[in-house]
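Asker: Number 589 marks the last residue of the sequence shown (the working numbering); no jumps. The beta-carbon is built from N, C-alpha and C at its ideal position, and this holds for glycine as well. Take a look at this one; I'll ask things after.
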Amino acid sequence: MCGIIGYIGSEKASPILLKGLFNLEYRGYDSAGMATLNNEIIVCKKGAGKIHDINHKLNFLSLEGTIGIAHNRWATHGGVNDINAHPHFDCSKAIAIVHNGIIENHRELKEALSEHKFESETDSEILAHLIEEELKKGFSFEDAFVNAILKLDGNYAVLAIKAGEEKILAARKGSPLVVGVTDHGIFLSSDIPSFLEWTKKVVYLHDYDIVIAERGGIRIYNLIEGQVSRPIDTVEWDAEQIKKGGFDHYMLKEILDQTETIYRAIQQDIDVVNKIIDEIRKAYGIFFVGCGSSYHACLAGSYLFSKIAETHINVVLASEFENYEHFLRENTLVFAVSQSGETADVLEAVRAAKRSGSKVIGIVNRMGSSLTRESDEFLLMNAGPEICVLSTKTYTSQVALMILLAYALIGRYEEGIQKLKGLYMDIYNLTSRSMREHLKKLAEMLVHKEHIYLIGRGLQFTTALEAALKIKEVSYIHAEAFAGGELKHGPLALIEDGTPVIVFVGEDDEKKILSNANEVKARGGYIIGVSAERHDIFDYWIKVPEGGDLNPIVQIIPMQILAYKLAVLKGLDPDKPRNLAKSVTVI
Ligand code: AGP
3 MCGIIGYIGS EKASPILLKG LFNLEYRGYD SAGMATLNNE IIVCKKGAGK IHDINHKLNF
63 LSLEGTIGIA HNRWATHGGV NDINAHPHFD CSKAIAIVHN GIIENHRELK EALSEHKFES
123 ETDSEILAHL IEEELKKGFS FEDAFVNAIL KLDGNYAVLA IKAGEEKILA ARKGSPLVVG
183 VTDHGIFLSS DIPSFLEWTK KVVYLHDYDI VIAERGGIRI YNLIEGQVSR PIDTVEWDAE
243 QIKKGGFDHY MLKEILDQTE TIYRAIQQDI DVVNKIIDEI RKAYGIFFVG CGSSYHACLA
303 GSYLFSKIAE THINVVLASE FENYEHFLRE NTLVFAVSQS GETADVLEAV RAAKRSGSKV
363 IGIVNRMGSS LTRESDEFLL MNAGPEICVL STKTYTSQVA LMILLAYALI GRYEEGIQKL
423 KGLYMDIYNL TSRSMREHLK KLAEMLVHKE HIYLIGRGLQ FTTALEAALK IKEVSYIHAE
483 AFAGGELKHG PLALIEDGTP VIVFVGEDDE KKILSNANEV KARGGYIIGV SAERHDIFDY
543 WIKVPEGGDL NPIVQIIPMQ ILAYKLAVLK GLDPDKPRNL AKSVTVI
């Protein structure tokens, strides 16, 4: 997820664009850049790092001109460095573009333009060269832009400017883009907070819209519908609320983002996936290592690799990894899973693995993090910045990658892709208003409980663990998960009349886990079922689709919402739980 913003009007563009970048920083903060059109030529400043630091070094405000585009980056393709920062240019530096999204066919398109000189490792740069190629065929800037857009697979929100052309061209498909209207100029941006201090008048764009923004206003053309006009709305929310998608907290916004982030997680470079699969096949001993939610994703991964690929995985808490260091050999393979890529315990484990000559594969959300630098290979989760301290969308992105790797290992990568792509409507329904209301009712029943227990078997046990972590870290209610079969080995002593127990049911363990639920019911427990089918033993039922191998994704989402509702009912801030940090960079 990146932030893009453009301005064309009567004011100097750079101060407006710089403020816009700061207001979009929550969309990405690896690097930033700006290009303006001044006396018929394009001038540009860009670099890696936080916007404030880059501006201090490069002084964006020195850019003159009343037309400009700017970008802050959350890296998905290509490292975090000055060259990969946007804007990107064509060979003649006459065209500048900024892009948010993932161009799935950028490699094929690049091969077809072999005579072009590419500077960056990004997928986005291809856009400027495609436009250049179309201009060479004699097309106008507008037609060249449309022809270039039509060649793209994937999702995009794009802004383009050309030397000598007093306009900004824009297009969107699958990534957000909105127009801001003022009496002095036009804004084009990923999100409203970027220009809200200048105007509340917005034009919401649709997928396949092409926008020609000139000093006199905008023209909109839809690649499917033809010439269209879109109404000017007035925004009610304030900037902070809009950054949260209109929700009160980032946590809820990020839970609902999961319809999109699962799709983005599976946008992987097949050559990298194949290289990782080769390493798995060559390995003698494989470890999955992580902390907190990332550890739970590792645990789910171990069940998935066992179930789908009949492959044994050793799962170890990163903070405990030193106890296994003597097992490490040159042909041991260590997967280090970390959203931030900066968790000290994980980095310690990675360094121990490297000391032993083992190969390290990172599964990480932040490009340019220590983990991406210290891994031999890595897969990016592409989940975009996760502002809430709790891991929600990044947890399910990690699980999605585990599922994808397990299917790739047995030669059914495309099947894994299709299964995960098929989750869209399930996640949409699981995060719907009616489901949120249903979970709020449950939260109202649980909010004053001292203890909440959770049980599951197999993949459902890993979900029980992750759900317990969500509940305890955001609502401060003691929540504890057990493997269903473990109840009679002690935890059953905890069950009293009315003790709430959340039971996760999968198609492959239904009989056994319901039998465990009976053990609880017989001692007065209150049974909350998470399952595809209702069962008589349930006192409260949360209906979820039967996801089979995908249950760790579909069953955790209602629990994320339940945890969120508990925190809100207790008057707590779900985004910033007490005592916790988003990235634990100390041992
Ligand atoms: C989970 O909600 C917590 N935020 C925490 O357990 C987190 O998963 C853990 O600290 C690991 O963080 P990482 O993924 O950035 O390494």
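#1: So which of H54, L456, I194 has the shortest CA-CA distance to V181?
#2: Please report the straight-line C-alpha distance between Q290 and E482, rounded to a whole angstrom.
#3: Beta carbon of Y305, beta carbon of L461: below 8 Å?
#4: Closer than 7 Å: is that where the CB of L568 sits relative to any heavy atom of the ligand AGP?
#5: Per the DSSP calculation, E482 is bridged to which residue(s)?
#6: Starting from the C-beta of S321, find all residues in its chain whose C-beta is less than 7 Å away, skip the five residues before and the five after it, and write them out in chain order.
#7: Go through the region 66-92 residue by residue and report every complete run of the beta strand (DSSP E) that reaches 3 residues or more, in order.
#8: Taking Cβ to Cβ, would you say L411 is nearer than 8 Å to A311?
#9: With H, G and I counted as helix, E and B as strand and the rest as coil, what does DSSP make of E416?
#10: Answer yes or no: do I104 and A130 have a C-beta to C-beta separation smaller than 8 Å?
#11: Give me the Cα-Cα distance between A469 and D185, rounded to the nearest whole angstrom.
#12: Where does Y223 fall in DSSP's three states?
#13: Would DSSP call H208 helix, strand or coil?
#14: Using the Cβ count rule (16 or more neighbours within 10 Å means buried), how would you classify L152?
#15: Any idea which residues DSSP pairs P502 with across the strands?
#16: Can you have a look at D125 and say buried or exposed, based on whether 16 or more other CB atoms are within 10 angstroms of its CB?
#17: Taking the alpha-carbon positions, what's the T396 to I479 distance?
#18: What do you reckon, are the CB atoms on E13 and G187 nearer than 8 Å?
#19: How big is the Cα-Cα spacing for N276 and V546?
#20: Quick one: what does DSSP say V237 is sitting in, helix, strand or coil?
#21: Within 10 angstroms of its Cβ, does Q270 collect 16 or more other Cβ (buried), or is it exposed?
#22: With contact counted as at least three CB pairs below 8 Å, one residue from each stretch, are the region 132-140 and the region 23-40 in contact?
#23: Should G303 go down as buried or exposed, given a rule of 16 or more other Cβ atoms within 10 Å for buried?
#24: Does the distance between the C-beta of L111 and the nearest non-hydrogen atom of the ligand AGP fall short of 7 Å?
#25: For A445, collect the residues of the same chain with a Cβ closer than 7 Å to its Cβ; drop the 5 residues on either side in sequence, then sort them by chain order.
#26: Can you give the Cα-Cα distance for K423 and V522, rounded to whole angstroms?
#27: Looking at the ligand AGP, does it come within less than 7 Å of S585, judged from the CB to the closest heavy atom?
#28: Please name the residue, chosen from F120, A77, I69, that lies closest to S94 on a Cα-to-Cα basis.
#29: How long is the line joining the alpha carbons of R435 and Q420, rounded to whole angstroms?
#30: Between E242 and T394, is the Cβ-Cβ spacing less than 8 Å?
#31: Would a C-beta distance cut-off of 8 Å place V213 and A162 closer than the cut-off?
#32: Taking 7 Å as the limit between beta carbons, can you name the residues of its chain near E324, skipping five residues before and five after?
#33: Based on Cα-Cα distance, which residue from L392, G487, I530 lies nearest to R580?
#34: So what does K513 bridge to, in DSSP terms?
#35: Quick check on I133: does DSSP put it in helix, strand or coil?
Answerer: Looking at the coordinates:
#1: One-based indexing of the sequence shown puts residue 181 at position 179. Of H54, L456, I194, the residue nearest in Cα terms is I194.
#2: For this step, residue 290 is matched to residue 288 along the sequence shown. For this step, residue 482 is matched to residue 480 along the sequence shown. Inspection of the sequence shows that residue 290 is occupied by Phe rather than by Gln. Distance between the alpha carbons of F290 and E482 is about 23 Å.
#3: Counting from 1 along the sequence shown, the entry for residue 305 is found at position 303. Counting from 1 along the sequence shown, the entry for residue 461 is found at position 459. Judged by their CB atoms, Y305 and L461 are nearer to each other than the 8 Å cut-off.
#4: Within the sequence shown, numbered from 1, the residue matching residue 568 stands at position 566. The answer is no for L568.
#5: Against the sequence shown, residue 482 aligns to sequence position 480. Y455.
#6: As a first step, residue 321 must be located in the sequence shown, where it is residue number 319. Closer than 7 Å at the Cβ level, and outside the excluded window around S321, lie C293, D347.
#7: Runs found: 69-75.
#8: The residue labelled residue 411 in the question sits at position 409 within the sequence shown. The residue labelled residue 311 in the question sits at position 309 within the sequence shown. A contact, by the Cβ cut-off of 8 Å.
#9: Translated into the one-based positions of the sequence shown, residue 416 becomes position 414. Note: E416 maps to helix in three-state DSSP.
#10: The residue labelled residue 104 in the question sits at position 102 within the sequence shown. The residue labelled residue 130 in the question sits at position 128 within the sequence shown. No, Cβ-Cβ distance for I104 and A130 is not below 8 Å.
#11: Within the sequence shown, numbered from 1, the residue matching residue 469 stands at position 467. Within the sequence shown, numbered from 1, the residue matching residue 185 stands at position 183. About 50 Å.
#12: Taking the sequence shown and counting its residues from 1, the one referred to as residue 223 is at position 221. Strand, per DSSP.
#13: Residue mapping note: residue 208 aligns to position 206 of the sequence shown, counting from 1. In this structure, H208 counts as coil in the three-state DSSP scheme.
#14: Along the sequence shown, read from residue 1 onward, the residue named residue 152 stands at position 150. In summary, L152 is exposed, with fewer than 16 beta-carbon neighbours lying within 10 Å of its beta-carbon over all protein chains present.
#15: As a working mapping, residue 502 is identified with position 500 in the sequence shown. Answer by DSSP bridge pairing, in chain order: Y528.
#16: Numbered from its first residue, the sequence shown carries residue 125 at position 123. So D125 ends up on the buried side.
#17: As a first step, residue 396 must be located in the sequence shown, where it is residue number 394. As a first step, residue 479 must be located in the sequence shown, where it is residue number 477. When rounded, the distance between both Cα atoms is 23 Å.
#18: Locating residue 13 in the sequence shown gives position 11, counting from the first residue. Locating residue 187 in the sequence shown gives position 185, counting from the first residue. Result yes, Cβ atoms of E13 and G187 sit closer than 8 Å.
#19: Along the sequence shown, one-based indexing puts residue 276 at 274. Along the sequence shown, one-based indexing puts residue 546 at 544. Taking the Cα positions, N276 is about 33 Å away from V546.
#20: By 1-based counting over the sequence shown, the position of residue 237 is 235. Coil at V237, not helix or strand.
#21: As a working mapping, residue 270 is identified with position 268 in the sequence shown. Q270 is buried by the Cβ-count criterion.
#22: no
#23: As a working note, residue 303 is residue 301 in the sequence shown. It is buried - the Cβ of G303 has at least 16 other Cβ atoms within 10 Å.
#24: On the sequence shown, residue 111 is found 109 positions in, with the first residue counted as 1. L111 Cβ: outside cutoff for every heavy atom of the ligand AGP.
#25: Along the sequence shown, read from residue 1 onward, the residue named residue 445 stands at position 443. So the qualifying residues of the chain are L564, K567, L568, L571.
#26: Taking the sequence shown and counting its residues from 1, the one referred to as residue 423 is at position 421. Taking the sequence shown and counting its residues from 1, the one referred to as residue 522 is at position 520. Their Cα atoms are separated by approximately 37 Å.
#27: Walking along the sequence shown from the start, residue 585 turns up at place 583. Yes, the Cβ of S585 comes within 7 Å of a heavy atom of the ligand AGP.
#28: Sequence index remark: in the sequence shown, residue 94 carries index 92 (1-based). Checking every option, the nearest Cα to that of S94 belongs to F120.
#29: Counting from one through the sequence shown, the residue named residue 435 turns up at place 433. Counting from one through the sequence shown, the residue named residue 420 turns up at place 418. So the alpha carbons of these two residues sit roughly 27 Å apart.
#30: Taking the first residue of the sequence shown as 1, we reach residue 242 at position 240. Taking the first residue of the sequence shown as 1, we reach residue 394 at position 392. No; because the gap between Cβ atoms is not below 8 Å, this pair is not in contact.
#31: As a working mapping, residue 213 is identified with position 211 in the sequence shown. As a working mapping, residue 162 is identified with position 160 in the sequence shown. The answer is no: Cβ separation not under 8 Å.
#32: On the sequence shown, residue 324 is found 322 positions in, with the first residue counted as 1. Excluding sequence neighbours, E324 sits near A354.
#33: Stepping through the sequence shown from its first residue, residue 580 is reached at position 578. Ranking the options by Cα distance to R580, first place goes to L392.
#34: Residue 513 sits at position 511 when you count from the first residue of the sequence shown. Looking at the DSSP assignment, K513 forms no beta bridge with any residue, so it has no partner.
#35: Within the sequence shown, numbered from 1, the residue matching residue 133 stands at position 131. I133 falls in the helix class under three-state DSSP.
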